[in-house]
């Protein structure tokens, strides 16, 4: 049983990242008994849902899913409704509300940014919405999972961050260019607890630092290396024009040797 799951996960790592949702659904249709294992192990692009009670948007993912329903962090209700859906304790619910209010203020400073936090595993998720149709379109989905242990006035945090990037650009000269992939990094750090909501500021700083590091790494690896490869292997100039330029260079070199 374990070997089959490992094989499916290994296959997912080799398939195009942009088709991850379709590929997961295909594997689930073949092996329905592994649905929960696949959905819990494979990161997928985040989905946007609207809380029916408050009208506010939130992100749907495996961490607020119970069966086919998703829990809203705003109303603490499942959609579709569940009578026995898992919800956080009153203490953790207060922390969840405080965290979402804080990140919602941060979100308002960035027009194409949406965040949602769920506990008891404190999770922050963000997605960038596509730009105008005339410009390159894409998405930035990031999932930050925290494991937290309190030790008096100190807390130890283990952060696992995953970023899924997808960019599509279309130009007449080069056609369609699709750049997609994912990256996962981990980091551990201690933080001071002055009150129960100190977790919010502690994890906020860790998320911001991690996203800056991962963004810089993505820019260097994805964009920098891709640009170098494209420039070395492909030219938007016509072959006929390049041939004429080479002939002109040879003629000039011949005249200089005389």
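Numbering (the numbering used here), first residue to last: 865 to 1122. Yeah, the Cβ is synthetic: ideal placement off N, Cα and C, and Gly gets one too. Source: prediction; values computed, not measured.
In three-state DSSP terms, what is residue 883?
Helix.
Taking only three categories from DSSP, how would you classify residue 1039?
Residue state, collapsed to three classes: strand.
Based on the DSSP output, what are the partners of residue 1186 in its beta bridges?
Because the chain in this structure spans residues 865 to 1122, residue 1186 falls outside the shown range and cannot be described.
Which complete alpha helix (DSSP H) runs does the segment 891-922 hold, if anything under 4 residues is left out?
Runs of the alpha helix (DSSP H) inside the segment 891-922: 899-905.
Less than 8 Å between C-beta atoms, sequence neighbours within five positions excluded: which residues of the same chain meet that for residue 951?
Excluding positions up to five away in sequence, the list reads 935, 940 and 957.
What is the DSSP secondary structure of residue 1127, reduced to helix, strand or coil?
Outside the shown range of the chain, which is 865 to 1122, sits residue 1127, and nothing can be said about it.
Would you kindly report the start and end of the unbroken alpha helix (DSSP H) that includes residue 1069?
Residue range 1062-1082 is occupied by the alpha helix (DSSP H) that includes residue 1069.
Give a single yes or no on whether residue 968 has its beta carbon closer than 7 Å to a heavy atom of the ligand SAM.
No copy of the ligand SAM occurs in the structure displayed, which carries no ligand at all.
Report yes or no: do three or more beta-carbon pairs, one from the segment 1038-1054 and one from the segment 1074-1087, lie closer than 8 Å?
The answer is yes - the segment 1074-1087 touches the segment 1038-1054, with three or more Cβ pairs under 8 Å.
Can you tell me whether residue 868 is buried or exposed? The criterion is at least 16 other CB atoms within 10 Å of its CB, across all chains shown.
By the neighbour-count rule (16 or more Cβ atoms within 10 Å), residue 868 is not buried but exposed.
Flag this pair as yes or no: are the beta carbons of residue 963 and residue 888 separated by less than 8 Å?
Not a contact, by the Cβ cut-off of 8 Å.
What are the boundary residues of the beta strand (DSSP E) that residue 1015 is part of?
Segment 1001-1015, the beta strand (DSSP E) holding residue 1015.
Any idea what DSSP makes of residue 994, helix, strand or coil?
In this prediction, residue 994 has a pLDDT of 49, which is less than 50 and means its spatial position is unreliable; what the coordinates show is noted afterwards. In this structure, residue 994 counts as coil in the three-state DSSP scheme.
Does the Cβ-Cβ distance between residue 1027 and residue 1043 come in under 8 Å?
The Cβ atoms of residue 1027 and residue 1043 lie no closer than 8 Å to each other.
When the Cα of residue 910 is compared with those of 1068, 1117, 1112 and 978, which residue comes out closest?
A check of alpha carbon separations from residue 910 across 1068, 1117, 1112 and 978 identifies 978 as the nearest.
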